[in-house]
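Read through the structure below, which is laid out as structure tokens, and then see the notes.
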Amino acid sequence: MTRKSGDRSGPGALMLWLVGGAALGFGVASLPSIGMLVLPGAVLILVAAGIVTRGRGWPLVLAGAALPLLWVAWLHRRGPGWVTYETDTGGGGSELLDPVPWLFTGLGLLLLAGVLLLLTRWLETRRTSQKD
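Positions 1 to 132 (the UniProt record's numbering) are the ones given, in order, by the sequence shown.
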């Protein structure tokens, strides 16, 4: 498929959707602490992505939102439960969450984003072929 002359949705522009989605996911996941400071920036990035790409690539918001969830799943990969550690100068412990819900939610968002991207591309090619 060839790009139209006014189409500005190259890889760099589509990355805005991904970065905006990641900021949105991080803002929601960290809402009790710094999330309220991150969310306005995420909204600003998403508005810029909508303007630059004219709405193309919006499912990448879901893929971006999956990244913080997968990061939390990775950080808690030894959970759930109490985990202790020792070093030469001391030690400590922390309680880890169950990583499975974070992992499944992140993977589900990635899968949904992929399906929606394929569906929007298929609908777009179908529309352009009907015009010809």
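A virtual CB, placed ideally from N, CA and C, is assigned to each residue, including glycine.
Reduced DSSP category for residue i - H, G, I as helix; E, B as strand; rest coil
i	result
L96	strand
G41	helix
G55	coil
R127	helix
R78	coil
Chain C contact for residue i (CB, 7 Å cutoff)
i	result
R78	Of the chains in the structure shown, none is chain C; there is only one protein chain.
Delimiting residues of the beta strand (DSSP E) encompassing residue i
i	result
W17	From DSSP, W17 is part of no beta strand (DSSP E) but of the alpha helix (DSSP H) over P11 to A29.
G81	G81 to T87
Host alpha helix (DSSP H) of residue i (start-end)
i	result
I34	Premise fails: I34 is in no alpha helix (DSSP H) and is neither H nor E.
G64	L60 to L75
Cβ distance (whole Å) where residue i is taken to contact residue j below 8 Å
i	j	result
G25	L67	6 Å
A113	A63	4 Å
Residues bridged to residue i [DSSP beta-bridge criterion]
i	result
A90	Residue 90 is actually Gly in this sequence, not Ala. DSSP output for G90 lists T87 as bridge partner(s).
Evaluate the contact criterion for the stretch 71-84 versus the stretch 120-129: three or more CB pairs, one atom per stretch, below 8 Å.
no
Per the contact definition of three or more C-beta pairs closer than 8 Å, is the stretch 91-104 in contact with the stretch 47-57?
no
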